[in-house]
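Student:
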Amino acid sequence: MKLLDVIDSFFSELEGNQRLRIGSYLVLTLVAISTIMELKDANRILTMQYRSLDETKFDLESVDEDSIWRARHEKELEYKEALSKKLWSAPSENQVLASIQSNLRQLAADIGLEDFSLVTGTPDWHDEIPKIKQVRSRLSIRFRNDEGFRLIESIESSSPIFLIERLKIDADTGGQMRGSSMSMDVLAFYLSE
Numbered sequence: 133m134k135l136l137d138v139i140d141s142f143f144s145e146l147e148g149n150q151r152l153r154i155g156s157y158l159v160l161t162l163v164a165i166s167t168i169m170e171l172k173d174a175n176r177i178l179t180m181q182y183r184s185l186d187e188t189k190f191d192l193e194s195v196d197e198d199s200i201w202r203a204r205h206e207k208e209l210e211y212k213e214a215l216s217k218k219l220w221s222a223p224s225e226n227q228v229l230a231s232i233q234s235n236l237r238q239l240a241a242d243i244g245l246e247d248f249s250l251v252t253g254t255p256d257w258h259d260e261i262p263k264i265k266q267v268r269s270r271l272s273i274r275f276r277n278d279e280g281f282r283l284i285e286s287i288e289s290s291s292p293i294f295l296i297e298r299l300k301i302d303a304d305t306g307g308q309m310r311g312s313s314m315s316m317d318v319l320a321f322y323l324s325e
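Counting from 1, position 32 in the sequence shown corresponds to residue 164 in the working numbering; the numbering is continuous, with no gaps.
1. So Ser315 and Ser272 are supposed to be a Cβ contact under 8 Å. How far apart are they, rounded?
2. Buried or exposed, going by whether 16 or more other CB atoms sit within 10 Å of the CB of Trp257?
3. At what residues does the beta strand (DSSP E) containing Asp247 begin and finish?
4. Which residue's Cα is closest to the Cα of Ser313: Ser289, Pro255, Lys263 and Leu245?
5. So what does Phe142 bridge to, in DSSP terms?
6. Can you tell me whether Tyr322 is buried or exposed, with buried defined as 16 or more other CB within 10 angstroms of its CB?
7. Say whether chain D places a C-beta atom closer than 8 Å to the C-beta of Gly253.
8. Pairing CB atoms from the stretch 215-233 with CB atoms from the stretch 248-255, are three or more of them under 8 Å?
9. For Asp263, which of helix, strand or coil comes out of DSSP?
10. Would Phe281 be called buried (16 or more neighbouring beta carbons within 10 Å of its own) or exposed?
11. For Leu219, name the three-state secondary structure that DSSP assigns.
12. Of all the options Ser290, Ser141 and Ala214, which has the alpha carbon lying nearest to the alpha carbon of Val318?
13. Going by Cα to Cα distance, which pick from Asn175, Arg270, Asp191 and Ser324 is closest to Pro262?
14. For my contact list, Ile250 and Arg237 are in at a C-beta cut-off of 8 Å; report their separation, rounded to the angstrom.
15. Can you pull the DSSP bridge partners for Tyr157?
16. Measure the CB-CB distance between Ile243 and Leu299 and report whether it falls below 8 Å.
17. Take Arg276 and list the residues in its own chain whose beta-carbon comes closer than 6 Å to its own, dropping the five residues that flank it on each side.
18. I'd like to confirm the pairing. Which residues does DSSP put opposite Met316 in its beta bridges?
19. Can you tell me where the alpha helix (DSSP H) holding Ser286 begins and where it ends?
20. Under a three-way DSSP split, which group does Asp196 fall into?
Structure (structure tokens):
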């Protein structure tokens, strides 16, 4: 018997036998469902592999060339050097404190202020920048004319830098010629190794 004869006999039997027809449809349905399930699993696996490869490709494309990294490194070193010139430095912590105090006293003396008090606190670690300590100094002065404002200007323009954190000015409004008073908290930063 040839294959075509077997197929013809099957289809003619299928038309006449209802149980064979239902069984054949059931088998075809199960084969279709299992094929769809296998294809869904394969699709999920292939999608995960594609995403993984796509992320790897993105990572590889985002890596810059060696020359670009060298240029960035040199720029960062220049930036670090420029910033380190703005920080206070000395061989020891006590010398840093003495340098800060003498600099603030010299700035006040250069302007001609004689009535001032200076209290320098103990160094504390900076909250946000590692290896940096900050020193808070309280400077209180009595002044006439514009000496207080010239002191603020000279403190802000000094190098290494000072940062005026809090400033309080009491103007002489009583006409007693005592002069105005000013108090300020001045921060200085230094690198602690």
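In this text, a Cβ means the ideal position worked out from N, Cα and C, and glycines have one as well.
Tutor: Let's see:
1. Taking the first residue of the sequence shown as 1, we reach residue 315 at position 183. Taking the first residue of the sequence shown as 1, we reach residue 272 at position 140. At roughly 4 Å, the Cβ-Cβ gap stays under 8 Å, so Ser315 and Ser272 are in contact.
2. Here residue 257 refers to the residue found at position 125 of the sequence shown. It counts as exposed.
3. Counted from its first residue, the sequence shown places residue 247 at position 115. No beta strand (DSSP E) contains Asp247, which DSSP labels as neither H nor E.
4. Counted from its first residue, the sequence shown places residue 313 at position 181. Closest in alpha carbon position to Ser313, among Ser289, Pro255, Lys263 and Leu245, is Leu245.
5. Stepping through the sequence shown from its first residue, residue 142 is reached at position 10. Under the DSSP definition of a beta bridge, Phe142 lacks any partner.
6. Taking the first residue of the sequence shown as position 1, residue 322 is located at position 190. Result: buried.
7. No chain D is present in this structure, which holds just one protein chain.
8. Yes, since at least three Cβ pairs between the stretch 215-233 and the stretch 248-255 fall closer than 8 Å, the two stretches touch.
9. Numbered from 1 along the sequence shown, position 131 holds the residue referred to as residue 263. In the sequence under discussion, the amino acid at residue 263 is Lys, which differs from the Asp named in the question. In this structure, Lys263 counts as coil in the three-state DSSP scheme.
10. Residue numbering aside, residue 281 sits at position 149 when the sequence shown is read from its first letter. Exposed.
11. Here residue 219 refers to the residue found at position 87 of the sequence shown. Three-state result, Leu219: coil.
12. One-based indexing of the sequence shown puts residue 318 at position 186. Of the listed residues, the one whose Cα sits closest to Val318 is Ser290.
13. As a first step, residue 262 is located in the sequence shown; it is residue number 130 there, counting from the start. Sorting Asn175, Arg270, Asp191 and Ser324 by C-alpha distance to the C-alpha of Pro262 places Ser324 at the top.
14. Position 118 of the sequence shown, counted from the start, is the residue given in the question as residue 250. Position 105 of the sequence shown, counted from the start, is the residue given in the question as residue 237. In the sequence as presented, Ile is not what sits at residue 250; that position holds Leu. Contact between Leu250 and Arg237 holds, with the beta-carbon distance rounding to 6 Å and staying under 8 Å.
15. For the purposes of this step, residue 157 is identified with residue 25 of the sequence shown, where counting begins at 1. Bridge partners of Tyr157: none, in fact.
16. As a working note, residue 243 is residue 111 in the sequence shown. As a working note, residue 299 is residue 167 in the sequence shown. Contact: no.
17. Working through the sequence shown from its first residue, we reach residue 276 at position 144. Once the five neighbours on either side are set aside, the close Cβ partners of Arg276 are Gly311.
18. Stepping through the sequence shown from its first residue, residue 316 is reached at position 184. Residue pairing by DSSP places Met316 opposite Leu271 and Leu299 in a beta bridge.
19. Numbered from 1 along the sequence shown, position 154 holds the residue referred to as residue 286. DSSP places Ser286 in the uninterrupted alpha helix (DSSP H) bounded by Glu279 to Glu288.
20. Residue mapping note: residue 196 aligns to position 64 of the sequence shown, counting from 1. Asp196 falls in the coil class under three-state DSSP.
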